[in-house]
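K.L.:
Please read through the structure below; I'll follow up with questions.
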Amino acid sequence: YGDWSSDVCSSDLPRVFIQDATAPEGDADGASLVFQVRLSGPSALPVQVAYATAGVSASADDFVATNGVVTFAPGDTNQSVVVFLRGDTVSESNEVLRVVLSQPVGAVLGDGVAVGTILDDDPLPQVTMADVTVAQWPGGATNAVFTATLSAPSGRRVSVRYATANGTARAGADY
Numbered sequence: 013y014g015d016w017s018s019d020v021c022s023s024d025l026p027r028v029f030i031q032d033a034t035a036p037e038g039d040a041d042g043a044s045l046v047f048q049v050r051l052s053g054p055s056a057l058p059v060q061v062a063y064a065t066a067g068v069s070a071s072a073d074d075f076v077a078t079n080g081v082v083t084f085a086p087g088d089t090n091q092s093v094v095v096f097l098r099g100d101t102v103s104e105s106n107e108v109l110r111v112v113l114s115q116p117v118g119a120v121l122g123d124g125v126a127v128g129t130i131l132d133d134d135p136l137p138q139v140t141m142a143d144v145t146v147a148q149w150p151g152g153a154t155n156a157v158f159t160a161t162l163s164a165p166s167g168r169r170v171s172v173r174y175a176t177a178n179g180t181a182r183a184g185a186d187y
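With this note's numbering applied, the sequence shown has no gaps in its numbers, which climb one by one up to 187 at the end.
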């Protein structure tokens with residue numbers, strides 16, 4: 013039997029579910045993930061369920077942590093939980109958070125965990141390599157140091173393959 017009334021069997025109660033959500037992060041605050049919370053059927057009595065967010069790969073820099081209670085009026089079967097995002101302009105991997113339902117009153121949990129995916133919408137930075145000129149000294153070696161530069165900061169690890177190629181200088185003779 014349910015814990016809110018000894019006259020109602022828990023199998024008679026509607027089930028509450030929360031659906032996964034996905035949204036682009038945006039370049040500034042203002043975007044949001046909207047999680048749909050649904051009952052398996054209408055109830056003649058009010059239904060409540062608590063919720064809380066938790067970061068998985070997303071952190072406080074990526075979303076506004078929140079918690080609260082969703083309330084369904086008698087007959088209602090759809091509500092939503094909104095999680096506000098903190099946008100940025102740094103190219104990074106998509107990030108994930110969860111919304112967890114708990115403590116249902118007037119219902120039982122069906123699927124009580126939803127995954128929110130924050131889609132990175134920033135372009136990958138461009139890599140450029142600067143030209144270098146060195147003076148050749150007789151009898152000694154001079155290092156040519158090439159500098160790679162990113163067009164913008166990146167939240168991802170960046171690696172670049174490189175190789176030398178003959179031009180007017182020859183491998184083994186000049187370098």
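Glycine included, C-beta positions come from ideal geometry on N, C-alpha and C. It should be emphasised that the depicted structure is a prediction, and the values quoted were computed from it without experimental measurement.
Select from A35, P58, P150 the residue whose C-alpha is nearest the C-alpha of P116.
P.N.:
That would be P58, whose Cα lies nearest to the Cα of P116.
K.L.:
What are the uninterrupted segments assigned as beta strand (DSSP E) that are 3 or more residues long and contained completely in the stretch 41 to 89, given in chain order?
P.N.:
For the stretch 41 to 89, whole beta strand (DSSP E) runs of length 3 or above, ordered along the chain, are 44 to 51, 59 to 67, 79 to 84.
K.L.:
Which two residues bound the contiguous beta strand (DSSP E) that contains A33?
P.N.:
33 to 36 is the extent of the beta strand (DSSP E) around A33.
K.L.:
In whole angstroms, what separates the C-alpha of T83 from that of G128?
P.N.:
Computed Cα separation, rounded: 21 Å.
K.L.:
Taking all protein chains shown into account, do 16 or more other C-beta atoms lie within 10 angstroms of the C-beta of T145, making it buried, or fewer, making it exposed?
P.N.:
Counting Cβ neighbours within 10 Å, T145 comes out exposed, since fewer than 16 surround it.
K.L.:
Under a Cβ-count criterion, where at least 16 other Cβ atoms within 10 Å of its own Cβ denotes burial, should Q91 be classed as buried or exposed?
P.N.:
Buried, since its Cβ has 16 or more Cβ neighbours within 10 Å.
K.L.:
Taking its Cβ as the centre, do 16 or more other Cβ atoms sit within 10 Å of A119, making it buried, or is it exposed?
P.N.:
Flag for A119 reads buried.
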